[in-house]
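Each remark here refers to the structure printed beneath this line.
Residue numbers (this note's numbering), protein chains in the order written: chain L, 160 to 589; chain S, 160 to 589.
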């Protein structure tokens, strides 16, 4: 028997319009496939007059979100941010109304609180759209891979950053020039700092790592470095060495501990991950027993996000139909606490670009510092001098400890023969 | 509250051992994540004495599958084939016991019957492991992308074929040499015909297309061509033209109709799909509104298949816990019948390799035939003669109708100047 479910959307922006359009266009196919019918019965926004990319009956528009929450079966929060969005969600949950949200910032910062309210109210909270919109990665982790221990997740989770890095490399352009273009095209926000400083990726890393390891890590302990410092020459040198540079979320189990970090990363160019270009997202997941997998798709934007929200709406509707609320809980704390490995203690390989004065003895001094810190080089390359009297010395290390690298960098930066800051970028072997 | 569910496995082969091992090793994490505990309480097989790759208590082994079905809550069918496996499944379903199966051949041939028995008995039948074991593609299609119209699925769904094609290309070896090696390594069955003739891929295409379009297509109407006819020289020429050859399942909507076909296919080498190598599987899915996505992972073998079976066991267990049986039905017929486009009527681009006598006027004759059949060339390449008096003429066409290509091939094969059969391979533009 068909079950109709009244859906209310709070926030009638790009994504809200996409959800409304998807429900209009695909409702028949959803109904036939699932036996439930999520019917859009209300949309609230502070602005209900500006024309949107979708036509909805005027009578379902309201500025009164509280009234909307009262009259629907499920609330879709698409306001974004950590302000009133949180209030709306808590209000809905406390009334026992299930919530679907795309709000990664809110979940990363207040997930634990929201999930606890949801648990007390026995209401569902679904959030597929919060990470890599077009890729059902939350469902994959919570259900499709539920029998696996998760050994590693490597994620390209921010389309703007991936677009910028791809363009810089393909078109030989500087970071700032590409950023301006991306803003013109609407790929990057007017204030793109959340993206390019890596915070957005860290929000998503917080969500994925918590799901993978049953421990709420939150945002604070995650090491985050954005792509603002990536120079065109580093992309070129990386390419000569057989790598591409991607902003990666690195989530990894190491014995009983976990590392979670977000930073630009060298990835071997012949891997699928390195070939995820433009605005696309991807998550490479290694599970035991499933092995290595990769999921690729659009991470953001009206339509991919709408697809995720509607899938959640169907899950919530099915739970309402079958009385199976919280069948797949929003988040469950595991028994085994896993400690986060402090950034100083992580071990990986590194790419170093050291600008040095082109004089005899310089390479020997660099090599000595690295050796003294127990860092072994897998390759060293000195580029021919181009204009100034400085040359770029490129070093790729074997696995080393972060603290040793940082100390060695500090040692070297104190040398007269070393000019400018040393650039070091972590390498992830796949 | 934790719900324990008694699991019985019928068929203690490679996959059965993998499922038992996964339940042993990961049961704690599964329990913590889900609140259900699938407990392996029985395994039946005709051989219960040969040592397996996993240790299970002797007392849970039996040769009596009927008795096993009676005493468990859920039956995992891992016998394979279309014989007694079908009987076991029907017996279990009729007793109201949910079934998890990895049996693609059985589903492709008798899916409609099995699903109807399941519907009458109100019992779940889950089959994630039947297509691309390590990739939760069934869950993705039925749940993660449930709000989408599916425009296209391109699948590399048989690891053996992909391994053979990859090895031929990388190691410059003939089909038969690689096949022998694959058999030695255990990647190919002793009787590999199901794989290399494309039947296994067609089984999976039948399942995916039916899920995508809500119409049970079955195996019979699917056009199937294996990789037995692929010559090393075609891989090389394809590479010169910028393509790789993959055995693809092509499932596509065209207006209100659908095409489903399995055959070797040229795929542009700079796409992710072309770079899916060795035994890996991938499915590229294009949905509306989600856009293009790619899912990549191991398609078969003990561990990836076990991951899929255990995920299904959790879904079944949750349904038992919440009384939400058939929450996501095994398969639902849609209202809109979609016709299968006859193979003769499909339109795509083609690669032709024509062995011709190296004489004046030959190219003109070939070009004339193609022109008369309304086939337009996008490129033509005549290779320099190597040993014999024949040369390979390579033609890449613009979009043409299959029937016109077949007719043109027949016309040309009747020429004196054309030696041997003409090789034609379809191209898929991504």
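Backbone N, C-alpha and C define an ideal beta-carbon position, used for all residues, glycine too. From a predicted model like this one, the values you see are computed outputs, not experimental measurements.
Kindly indicate which three-state DSSP category residue i falls into: helix, strand or coil?
| i | result |
| --- | --- |
| residue 282 of chain S | coil |
| residue 463 of chain S | helix |
| residue 511 of chain S | strand |
| residue 249 of chain L | helix |
| residue 548 of chain S | coil |
| residue 474 of chain S | helix |
| residue 420 of chain S | strand |
| residue 437 of chain L | coil |
| residue 268 of chain L | helix |
| residue 143 of chain L | Examination of residue 143 of chain L is not possible in this model, given that chain L is present from 160 through 589 alone. |
| residue 263 of chain S | helix |
Within 8 angstroms of any Cβ in chain L, is that where the Cβ of residue i sits?
| i | result |
| --- | --- |
| residue 483 of chain S | yes |
| residue 458 of chain S | no |
| residue 181 of chain S | yes |
| residue 473 of chain S | yes |
| residue 503 of chain S | no |
| residue 477 of chain S | yes |
| residue 177 of chain S | yes |
| residue 270 of chain S | no |
| residue 486 of chain S | yes |
| residue 167 of chain S | no |
| residue 491 of chain S | yes |
| residue 262 of chain S | no |
| residue 373 of chain S | yes |
Taking 7 angstroms as the cut-off, does the CB of residue i come closer than this to any heavy atom belonging to the ligand FAD?
| i | result |
| --- | --- |
| residue 179 of chain L | As far as ligands go, the structure on display features none, and thus does not contain the ligand FAD. |
Smallest Cα separation from residue i: which of the options?
| i | options | result |
| --- | --- | --- |
| residue 162 of chain S | S:491, S:472 and S:580 | S:472 |
| residue 358 of chain L | L:216, L:183 and L:406 | L:406 |
| residue 451 of chain S | S:221, S:589, S:382 and S:383 | S:589 |
| residue 526 of chain L | L:184, L:555 and L:244 | L:555 |
| residue 534 of chain L | L:566, L:540, L:515 and L:380 | L:566 |
| residue 179 of chain S | S:469, S:579, S:559 and S:547 | S:469 |
| residue 518 of chain S | S:549, S:501 and S:170 | S:549 |
| residue 293 of chain S | S:580, S:442 and S:230 | S:442 |
| residue 386 of chain L | L:504, L:351, L:377 and L:571 | L:351 |
| residue 393 of chain S | S:551, S:208 and S:193 | S:551 |
| residue 220 of chain L | L:228, L:209 and L:202 | L:202 |
| residue 584 of chain S | S:507, S:524, S:234 and S:523 | S:507 |
| residue 263 of chain L | L:587, L:309, L:378 and L:279 | L:378 |
| residue 503 of chain L | L:290, L:234 and L:564 | L:564 |
| residue 343 of chain L | L:402, L:330 and L:319 | L:319 |
| residue 168 of chain L | L:354, L:257, L:193 and L:547 | L:257 |
| residue 246 of chain L | L:224, L:479, L:231 and L:297 | L:224 |
| residue 459 of chain L | L:348, L:412, L:232 and L:481 | L:348 |
| residue 290 of chain L | L:366, L:540 and L:488 | L:366 |
Does any residue of chain S bring its CB to less than 8 angstroms from the CB of residue i?
| i | result |
| --- | --- |
| residue 465 of chain L | yes |
| residue 560 of chain L | no |
| residue 470 of chain L | yes |
| residue 532 of chain L | no |
| residue 596 of chain L | The requested residue 596 of chain L does not occur in the structure, where chain L is confined to residues 160 to 589. |
Return yes when the Cβ of residue j is within less than 8 angstroms of the Cβ of residue i, no when it is not.
| i | j | result |
| --- | --- | --- |
| residue 363 of chain S | residue 408 of chain S | yes |
| residue 397 of chain L | residue 322 of chain L | no |
| residue 261 of chain S | residue 226 of chain S | no |
| residue 568 of chain L | residue 515 of chain L | no |
| residue 423 of chain L | residue 389 of chain L | yes |
| residue 214 of chain S | residue 306 of chain L | no |
| residue 198 of chain S | residue 164 of chain S | yes |
| residue 449 of chain L | residue 466 of chain S | yes |
| residue 370 of chain S | residue 301 of chain S | yes |
| residue 374 of chain L | residue 493 of chain L | yes |
| residue 174 of chain L | residue 360 of chain L | no |
| residue 475 of chain S | residue 283 of chain S | yes |
Residues in the segment 281-305 of chain L with C-beta within 7 angstroms of chain S's C-beta atoms, listed in sequence order?
Across the segment 281-305 of chain L, CB contacts with chain S closer than 7 angstroms involve 293, 294, 295, 298, 299, 302, 303, 304 and 305, in sequence order along the chain.
If contact means a Cβ-Cβ distance below 8 angstroms, which residues of the segment 376-401 of chain S contact chain L? Here the close residues number zero.
For the segment 420-435 of chain L, which residues have a CB atom closer than 7 angstroms to at least one CB atom of chain S, in sequence order?
Cβ proximity to chain S below 7 angstroms picks out 431 and 434 from the segment 420-435 of chain L.
**Study point:** Residues, ordered as in the chain, of the segment 189-214 of chain S that lie near chain L by beta-carbon distance below 8 angstroms
**Key:** Hits within the stretch, in order: 189, 191, 192, 193 and 194.
Short-range partners of chain S found in the segment 441-454 of chain L, where Cβ spacing is below 8 angstroms: Hits within the stretch, in order: 446, 447, 448, 449, 450, 451, 452, 453 and 454.
Query raised in the report: Which of the residues in the segment 304-319 of chain S, read from start to end, lie with their CB under 7 angstroms from any CB of chain L?
Result: Residues 304, 305, 306, 307 and 308.
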